[in-house]
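**Q** According to my numbering, the sequence shown holds residues 16 to 386 in order.
Cβ coordinates follow ideal geometry from the N, Cα and C atoms, glycine included.
All figures in this text were calculated on a predicted structure; none of them were measured in a lab.
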Amino acid sequence: MQISQVGITDNDQNNVTGVLLAGGKSRRMGQDKAAIKLAGSTMFERTLKLLQNNFKHVLIAGDRPDLARPQIPAFPDIYPGSALGGLYTGLKTATTDWIFVAPCDMPFPDERIVHLLLQYRANFDAVVPRTNQGYEPVFALYHKNCLPQMEKMLQQGQYRIYAFYQRIKIRYLDSSELPDGWQQALLNVNTPDDLARIKEKNMAPPVVSIVAKSGTGKTTLLEKLISELKQRGYRVAAVKHDAHSFSIDHEGKDSWRLTAAGADTMIITSPEKLAMVKRNPADQEPDLKDTLEKYTTDVDIVLTEGFKRNTMPKIEVHRQQRSEQLLCRGLEHDPKLLAVASDSSLDLDVPVYNINDSSGLCDLIVARFLS
Numbered sequence: 016m017q018i019s020q021v022g023i024t025d026n027d028q029n030n031v032t033g034v035l036l037a038g039g040k041s042r043r044m045g046q047d048k049a050a051i052k053l054a055g056s057t058m059f060e061r062t063l064k065l066l067q068n069n070f071k072h073v074l075i076a077g078d079r080p081d082l083a084r085p086q087i088p089a090f091p092d093i094y095p096g097s098a099l100g101g102l103y104t105g106l107k108t109a110t111t112d113w114i115f116v117a118p119c120d121m122p123f124p125d126e127r128i129v130h131l132l133l134q135y136r137a138n139f140d141a142v143v144p145r146t147n148q149g150y151e152p153v154f155a156l157y158h159k160n161c162l163p164q165m166e167k168m169l170q171q172g173q174y175r176i177y178a179f180y181q182r183i184k185i186r187y188l189d190s191s192e193l194p195d196g197w198q199q200a201l202l203n204v205n206t207p208d209d210l211a212r213i214k215e216k217n218m219a220p221p222v223v224s225i226v227a228k229s230g231t232g233k234t235t236l237l238e239k240l241i242s243e244l245k246q247r248g249y250r251v252a253a254v255k256h257d258a259h260s261f262s263i264d265h266e267g268k269d270s271w272r273l274t275a276a277g278a279d280t281m282i283i284t285s286p287e288k289l290a291m292v293k294r295n296p297a298d299q300e301p302d303l304k305d306t307l308e309k310y311t312t313d314v315d316i317v318l319t320e321g322f323k324r325n326t327m328p329k330i331e332v333h334r335q336q337r338s339e340q341l342l343c344r345g346l347e348h349d350p351k352l353l354a355v356a357s358d359s360s361l362d363l364d365v366p367v368y369n370i371n372d373s374s375g376l377c378d379l380i381v382a383r384f385l386s
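(1) Output the distance between the C-alpha atoms of R212 and E300, rounded to the nearest integer angstrom.
(2) What ranges does the alpha helix (DSSP H) occupy inside the stretch 169–256, keeping only unbroken runs of at least 4 residues that lie completely in it?
(3) For a quick check, are the C-beta atoms of L132 and K228 less than 8 Å apart?
(4) Enumerate in chain order the residues of its own chain whose CB-to-CB distance from E243 is below 7 Å, with the five nearest sequence positions on each side excluded.
(5) Is Q181 near the ligand FAD, in the sense that its beta carbon is under 7 Å from a heavy atom of that ligand?
(6) Three or more C-beta pairs closer than 8 Å, one from the stretch 140–158 and one from the stretch 59–68: is that the case here?
(7) Is the distance from the Cβ of I370 to the Cβ of V332 below 8 Å?
(8) Opposite M281 in the DSSP bridges: which residues?
(9) Roughly how far, in whole angstroms, is the beta-carbon of L169 from the beta-carbon of L99, given that I think they are within contact range, below 8 Å?
(10) Does the stretch 349–362 come close enough to the stretch 281–292 to have 3 or more Cβ pairs within less than 8 Å?
(11) Which of the three DSSP states, helix, strand or coil, is assigned to F115?
(12) Could you pull the start and end residues of the alpha helix (DSSP H) that G101 belongs to?
(13) Determine, using beta-carbon pairs with one atom in the stretch 151–158 and one in the stretch 102–112, whether at least three such pairs fall under 8 Å.
(14) Evaluate P124 with the Cβ neighbour count: other Cβ atoms within 10 Å of its Cβ, from every protein chain shown; 16 or more gives buried, anything less gives exposed.
(15) Determine, using beta carbons only, whether D305 comes closer than 8 Å to chain B.
(16) On a Cα-Cα basis, can you pick out the residue from P91, V223, P80, R136 that is closest to I330?
(17) Would you kindly report the start and end of the unbroken alpha helix (DSSP H) that includes E308?
(18) What is the residue span of the alpha helix (DSSP H) that S357 lies within?
(19) By DSSP, does T326 sit in helix, in strand, or in coil?
(20) Within the continuous beta strand (DSSP E) that includes I93, where are the two ends?
(21) Check the C-beta distance from F139 over to K71 and give it rounded, since I have them as a contact under 8 Å.
(22) Is G345 helix, strand or coil when you go by DSSP?
(23) Taking its Cβ as the centre, do 16 or more other Cβ atoms sit within 10 Å of I282, making it buried, or is it exposed?
(24) So Q171 and R182 are in contact, right, with Cβ under 8 Å, and what is the actual spacing, rounded?
(25) Determine the burial state of Y177: buried for a count of at least 16 other Cβ atoms within 10 Å of its Cβ, exposed for fewer.
(26) For R136, collect the residues of the same chain with a Cβ closer than 6 Å to its Cβ; drop the 5 residues on either side in sequence, then sort them by chain order.
(27) Which residues mark the beginning and the end of the beta strand (DSSP E) in which I380 is found?
(28) With distances taken Cα to Cα, identify the nearest neighbour of T111 among V34, L385, V254.
(29) If you compare alpha carbons, which of M327, T306, V73, V381 is closest to G248?
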């Protein structure tokens, strides 16, 4: 749909308080959702940025002094333990008649929806998105007129926010009225599986893993794909997995001596190249996704060698003489298998390319991830 391009006015900025809801316990996630990082910033920081960009008054509803900042106070929930209690705390402590609330578990909040909600607030007590998945009560707009009914319900131990909606004058914003992309904007992250799916789907840059049994020719194909992609103008990162300890330096060199002396991070820099050796804590290999988020944000695509157990899209290299059975279509059926590069004809449910057809495989990668 086409929505108004009018942004938030000075009047809106002054008369609406942005409220970041942070009173949840993150029990299903098993870790503090506010501190989870996606593409270099925490979910708390993403929501806070949206609120600060649109409202002059911002506060945190929830007992989170660790998240409070100068000019952004945190208020413990007056009635803890429910979304309705968080909304009540935000309205009660705000000095403006209106509040816009947003949670700290929404990784892609979209200010276009904020602008749209504000346009429909006249003569209503609340403006709330409503889609086929249900209501979105914690990315919505509320007036202080809601306080008496909220307080009555909370004092009676009633926490169902949908029952509260029956008691106020509310404007629902249906999916047909929301801007394109609302599905991603209204995503919530509640479980580790939710987080894994979102990280994979929104990985920037995209990642393709080249996998195979040892001695099949992974590195050879990877070399050809990198060369082909570079010729087409793409920036490429390559990540190799080593199941054992490795060294990229020579014993006796100054850089080797510094690492051997105990440096946790050792960097060599020159006009042509930069190299870094970084110790993993307690010999624990970091998660691949975290590594990519830290070190590969300046490229168009990442090609990895190995990592056959990860959940990234994969191209498997196959040689009949090495093994008749595939890794991803053998004892296990890997749903992330994208294609197979083989030296023999195979009847599979994914495309099969000649093992030397790096150009064809590159066409596939570009069409799937870079177009």
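**A** On the basis of the coordinates in this document:
(1) Here residue 212 is taken as the residue at index 197 of the sequence shown, counted from 1. Here residue 300 is taken as the residue at index 285 of the sequence shown, counted from 1. When rounded, the distance between both Cα atoms is 21 Å.
(2) 176–180, 197–200, 207–216, 233–246
(3) Counting from 1 along the sequence shown, the entry for residue 132 is found at position 117. Counting from 1 along the sequence shown, the entry for residue 228 is found at position 213. In this structure, K228 does not lie closer than 8 Å to L132 by Cβ.
(4) Here residue 243 refers to the residue found at position 228 of the sequence shown. Excluding positions up to five away in sequence, the list reads S373, S374, C377.
(5) The ligand FAD is not among the ligands present in this structure, which contains no ligands whatsoever.
(6) no
(7) Along the sequence shown, read from residue 1 onward, the residue named residue 370 stands at position 355. Along the sequence shown, read from residue 1 onward, the residue named residue 332 stands at position 317. In this structure, V332 lies closer than 8 Å to I370 by Cβ.
(8) Here residue 281 refers to the residue found at position 266 of the sequence shown. The partner list for M281 (beta bridge, DSSP) reads V292.
(9) Taking the sequence shown and counting its residues from 1, the one referred to as residue 169 is at position 154. Taking the sequence shown and counting its residues from 1, the one referred to as residue 99 is at position 84. Going by Cβ atoms, the distance from L169 to L99 rounds to 6 Å, so yes, they are a contact pair.
(10) no
(11) Taking the sequence shown and counting its residues from 1, one reaches residue 115 at position 100. Residue state, collapsed to three classes: strand.
(12) Counting from 1 along the sequence shown, the entry for residue 101 is found at position 86. Taken as a continuous stretch (DSSP letters only), the alpha helix (DSSP H) holding G101 covers 98–108.
(13) yes
(14) Position 109 of the sequence shown, counted from the start, is the residue given in the question as residue 124. Buried is the call here.
(15) In the structure shown, chain B does not exist; there is a single protein chain.
(16) Translated into the one-based positions of the sequence shown, residue 330 becomes position 315. Nearest of P91, V223, P80, R136 to I330, Cα basis: V223.
(17) Position 293 of the sequence shown holds residue 308. Unbroken alpha helix (DSSP H) run through E308: 303–310.
(18) Here residue 357 corresponds to residue number 342 of the sequence shown, with the count starting at 1. Run containing S357: none in the alpha helix (DSSP H); it sits in the beta strand (DSSP E), 352–357.
(19) Taking the first residue of the sequence shown as position 1, residue 326 is located at position 311. The answer is coil: DSSP assigns T326 none of H, G, I, E or B.
(20) By one-based count along the sequence shown, residue 93 stands at place 78. Segment: none, I93 is in no beta strand (DSSP E) and carries neither H nor E.
(21) Position 124 of the sequence shown, counted from the start, is the residue given in the question as residue 139. Position 56 of the sequence shown, counted from the start, is the residue given in the question as residue 71. About 23 Å separates the beta carbons of F139 and K71, which is beyond the 8 Å limit, so they are not a contact pair.
(22) Position 330 of the sequence shown, counted from the first residue, corresponds to residue 345. Correct three-state label for G345: coil.
(23) In the sequence shown, residue 282 corresponds to position 267, counting from 1. Flag for I282 reads exposed.
(24) Looking up residue 171 in the sequence shown gives position 156. Looking up residue 182 in the sequence shown gives position 167. That belief does not hold up - the Cβ atoms of Q171 and R182 are roughly 12 Å apart, past 8 Å.
(25) Sequence index remark: in the sequence shown, residue 177 carries index 162 (1-based). So Y177 ends up on the exposed side.
(26) Your numbering for residue 136 matches position 121 in the sequence shown. Excluding residues within five positions, the ones whose Cβ falls inside 6 Å are V142, L156.
(27) In the sequence shown, residue 380 corresponds to position 365, counting from 1. That residue, I380, is in no beta strand (DSSP E); its alpha helix (DSSP H) goes 373–380.
(28) Indexing the sequence shown from 1 puts residue 111 at position 96. For T111, the nearest C-alpha among the options comes from V34.
(29) Here residue 248 refers to the residue found at position 233 when the sequence shown is read from its first residue. Selected option, being the one with the closest Cα: V381.
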